[in-house]
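Below you'll find the structure, written out as structure tokens, and then a few comments.
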Amino acid sequence: MRDVAIVSFASAPNRRTDLRNEVEILMPVVQEAVARSGIARPFDFTCSGSSDFLQGTPFAFVIALDAAGAWPPIAESHVEMDGAWALYEAWVKIQAGQAETALVYAFGKSSPGDLPEVLATQLDPYLVAPLWPDSVSLAALQARAWLEKTGNSERDLAAIAVRSRRDAKANPNATLSGDFEIAKLLAEPYVAAPLRAHDCSPSCDGAVAVVLAAGDRARGVCKRPAWIRGIDHRIEPHALGMRDLTVSSSTRIAGEKAGVGNGAVDLAELHAPFTHQEAILREALGLGAGVAVNPSGGALTANPMMAAGLARIGEAASRIWDGSARRAIAHATSGPCLQQNLVCVLEGE
Amino acid sequence: MSEIVSEEGGILTAPHVLEYPYRRSVGPVLGRFFTELRAGRIVGLRTQQGRVLAPPQEYDPETGAATGSDFVEIGPGGVVTTWSWVVRPRAKQPLDRPFAWALVKLDGADTAMLHAVDAGDLSRMRTGMRVRPRWRAERVGHIHDIECFEPEPQATADNGLGGERQRAGELAMAEEAQKPVTNIKTPMRLEYRYSAGIATSRFLHGIAQGKILGQRCPSCSKVYVPPRGSCPRCAVATEEEVELSDKGTITTYAIVRVPSESIDVPLPFASVHVLLDGADLPMFSVVQECPLDQIRMGMRVQAVWVPREQLGPTLQSIRYFKPIDEPDVPAEKLQETV
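Note that the protein sequences, when read in sequence, are chains A and B.
One rule links them: number in our numbering = place in the first sequence (from 1) + 21.
One rule links them: number in our numbering = place in the second sequence (from 1) + 3.
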């Protein structure tokens with residue numbers, strides 16, 4: 022396996038509503054990531070993740086290319102998924118020897134639509150989508166199943182929200198952050214019982230970009246590259262009633278294949294858009310109490326759709342670069358109730 | 004136009020609707036399921052391993068093997084395996100009052116299906132409770148044939164259930180002569196509030212004053228109109244504003260013979276790319292006041308605006324372009340923009 026590292030990362034401010042167009046949001050982010058990488062354009066490969074359904078603009082993903090600069094024509098690809106899967110494609114491209122450097126970006130504008138309703142369109146179009154179950158209600162089905170099986174309480178979920186929002190105070194790109202009291206949060210009404218607003222990630226408009234480089238190219242531009250030591254992704258059946266929602270088998274297997282257990286883990290950035298999902302993911306990855314989870318505040322404080330998974334990888338890499346972690350786990354999810362999961366193991370040298 | 008709103012920073016937003024009138028063919032497995040629903044029955048499908056999948060699926064998610072056609076009648080009652088409570092139902096959802104979403108494992112099935120439960124109040128819901136379907140009187144072979152599930156009465160099974168069963172049976176007999184369900188209607192409509200962004204909003208505010216504003220790239224000096232705040236060649240932001248003439252040159256055209264909802268001119272008409280004087284990117288419009296067989300590349304045209312008092316922040320403020328009495332621009336001068 023070739024040595025491939027993440028050498029830079031940048032994020033948009035993740036405002037609840039950002040009225041700029043996708044290129045206006047994305048371009049400063051791409052420029053910042055490119056400038057920090059120290060690698061001059063053009064990149065050998067460019068790959069992006071987004072979904073036009075979010076903002077209701079067909080071919081927004083093509084328009085977004087203006088932010089990357091596609092002239093003269095570049096080698097490019099796109100996934101209708103979180104940008105973490107675009108990063109996976111770029112990693113494969115570099116592994117195959119077809120590229121030494123890659124630019125990966127992702128963006129999502131959720132504010133133009135009703136996000137929980139828009140996400141219903143990703144469901145089984147015959148039996149489920151015609152009922153229009155919103156994403157929060159589906160997550161709440163999972164939350165209840167998990168609470169009842171494990172004996173955890175809504176208070177335990179609120180504690181996850183409080184910790185995330187407190188950690189997000191250090192993240193200038195968090196949609197929300199601050200000090201909150203568990204009792205006050207629990208006094209708020211349900212959005213979809215057993216979930217309250219603090220259990221759900223805030224909807225926002227955002228974008229992120231990262232730059233990948235292979236071997237000596239990475240060492241040449243980065244003092245302490247974040248090496249991808251393992252990366253794997255797995256998917257579960259789409260029918261919710263055929264899955265055990267209280268565990269994440271796909272995360273567990275992806276974690277095993279990526280080699281999570283091959284060494285001590287300093288921190289994990291887990292893409293958990295709902296509080297209970299963080300607990301399910303922790304368990305699936307076998308992360309002990311000593312592992313710092315989501316020091317960035319995680320998706321519970323900034324969840325730019327299609328970009329929040331890639332942001333987890335960027336945030337984890339940032340802590341390798343600054344020396345605060347030697348070995349970090351990054352995770353991304355997609356689909357309802359943690360249907361599809363990607364796990365990436367990053368290490369400093 | 005009244006639906007266009009100028010928000011923070013003068014950025015314009017407008018309503019935008021995506022609508023897809025999907026009609027889906029369902030295949031033999033789901034076709035059987037929907038045909039049975041129409042008759043007031045629910046069927047699952049037994050896999051080779053002996054598990055009953057409900058709703059049925061074409062392939063066993065555990066083995067990937069084709070599931071065949073070993074259909075078995077299940078339910079109609081079942082058990083809630085998990086649920087959530089919707090406080091404020093959305094318009095498209097099955098019920099217009101607070102309700103539960105639930106995964107329901109029907110009697111005789113090994114998997115659960117998603118549907119709504121009309122329990123009236125959150126306090127009536129619990130995991131493990133028994134529910135039964137509330138059938139719609141007029142069924143067409145669709146998941147909506149089940150209006151929702153409802154809590155099973157606490158009393159014995161013949162408390163209304165027998166009658167329900169009998170009625171369903173009668174309907175089944177009447178409908179058995181009908182053809183199997185082969186497709187379903189699943190219309191999709193999503194409503195958005197589209198934002199034009201910074202650069203395009205400035206352009207549209209200019210249009211509302213009868214001005215055409217482009218933006219110049221600080222790197223390659225090309226002028227873009229309508230501007231999107233970026234140069235796609237250089238991948239840099241564009242900020243310098245340039246007022247352009249409303250005269251230009253046709254770089255290419257097409258004769259359109261099918262109607263378009265957004266273009267309000269009589270058929271047939273010519274859609275054109277017009278390179279405005281001073282711009283480096285042609286913009287889309289239509290040409291009128293010109294016989295179609297005289298339209299050509301290099302032809303000089305000018306915008307015809309709506310009356311001043313009708314100007315607004317929309318491209319509809321330019322009704323069309325018309326020919327003007329100026330010599331054609333030679334083709335070689337248009338090479339880069341065709």
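We put the beta carbon where it would ideally sit given N, CA and C, even for glycine.
What you are looking at is a predicted structure, and each value in this text was computed from that prediction instead of being measured.
Query, Result
"Within the chosen definition, does the stretch 298-316 of chain A reach the stretch 6-25 of chain B through at least 3 CB pairs nearer than 8 Å?", "no"
"Taking only beta carbons into account, state which residues of the stretch 296-329 of chain B come closer than 7 Å to chain A, listed in chain order.", "none"
"From the DSSP secondary-structure annotation, give me the bridge partner or partners of A:R37.", "Its beta-bridge partners do not exist; DSSP assigns none."
"What is the residue span of the alpha helix (DSSP H) that A:Q52 lies within?", "43-58"
"Using the three-state DSSP reduction, which class does A:W167 fall into: helix, strand or coil?", "helix"
"Have a look at the DSSP bridge pairing and note the partners of B:L56.", "B:L48"
"What does the alpha-carbon distance come out to for the pair B:R93 and A:D155?", "9 Å"
"Are the beta-carbon atoms of B:R54 and B:N186 separated by less than 7 Å?", "no"
"Quick check: A:I249 and A:V113, are their CB atoms within less than 7 Å of each other?", "no"
"In whole angstroms, what is the alpha-carbon distance linking B:Q60 and B:E339?", "54 Å"
"In chain D, which residues lie with their C-beta within 7 Å of the C-beta of B:K225?", "Absent from the structure: chain D. Protein chains present are A and B."
"Excluding the five sequence neighbours on either side, which residues of its own chain have a C-beta within less than 8 Å of the C-beta of A:P193, listed in chain order?", "P34"
"Cα separation between A:A204 and A:L178?", "12 Å"
"What is the residue span of the beta strand (DSSP E) that B:P154 lies within?", "149-154"
"Is there a Cβ from chain B that is less than 7 Å from the Cβ of A:S58?", "no"
"Note down the Cα distance separating A:A120 from A:L136, rounded to an integer number of angstroms.", "36 Å"
"Nearest by alpha-carbon distance to A:V51: which of A:D200, A:P325, A:A85 is it?", "A:A85"
"Any chance you could list the beta strand (DSSP E) runs of at least 3 consecutive residues sitting entirely within the stretch 278-323 of chain B, in chain order?", "286-290, 303-308"
"Could you tell me whether the Cβ atoms of B:V75 and B:G30 are closer together than 7 Å?", "no"
"Check the Cβ of A:V44 against every Cβ in chain B and list those closer than 7 Å, keeping chain order.", "R231, G232, S233"
"Below 8 Å on the Cβ atoms is my contact criterion, and I expect A:R238 with A:T122 to pass it. Report the Cβ-Cβ distance as a whole number of Å.", "6 Å"
"In this structure, how does DSSP classify A:W112 when only helix, strand and coil are distinguished?", "helix"
"Would you mind listing the alpha helix (DSSP H) stretches within the stretch 72-123 of chain A that are 4+ residues and don't spill past its ends, in chain order?", "73-76, 81-84, 86-89, 104-116"
"Measuring alpha carbon to alpha carbon, tell me which of A:L288, A:L359, A:A81 ends up nearest A:G344.", "A:L288"
"Take A:A275 and list the residues in its own chain whose beta-carbon comes closer than 7 Å to its own, dropping the five residues that flank it on each side.", "D253, H254, R255, N362, L363, V364"
"Would you kindly work out how many angstroms separate the C-alpha atoms of B:E108 and A:F74, rounded to a whole number?", "Correcting the residue type first, residue 108 of chain B is Lys in the shown sequence and not Glu. Roughly 32 Å separates the two Cα atoms."
"Specify the secondary structure class of B:P271 as computed by DSSP and reduced to three states.", "coil"
"Provide the residue span of the alpha helix (DSSP H) that contains A:G330, from first to last.", "329-342"
"Are there 16 or more other CB atoms within 10 angstroms of the CB of B:N162, so buried, or fewer, so exposed?", "Because the pLDDT at B:N162 is just 44, under 50, the model does not fix this residue reliably, and the value given afterwards should be weighed accordingly. Exposed, because fewer than 16 other Cβ atoms sit within 10 Å of the Cβ of B:N162."
"How long is the line joining the alpha carbons of A:S71 and A:A127, rounded to whole angstroms?", "6 Å"
"Given a threshold of 16 other Cβ atoms within 10 Å of its Cβ, counted over all protein chains shown, does A:S58 qualify as buried or as exposed?", "buried"
"Could you list which residues in chain B have their beta carbon closer than 8 Å to that of A:R165, in chain order?", "T85, W86, S87, T130"
"Using a Cβ-Cβ cut-off of less than 8 Å, list which residues of the stretch 122-150 of chain B approach chain A; keep chain order.", "L125, T130, H145, I146, H147"
"Is A:G251 helix, strand or coil when you go by DSSP?", "strand"
"Is the distance from the Cβ of A:I341 to the Cβ of A:A351 below 7 Å?", "no"
"Restricting to Cα atoms, I'd like to know which of B:E65, B:G144, B:T252 is closest to B:E335.", "B:T252"
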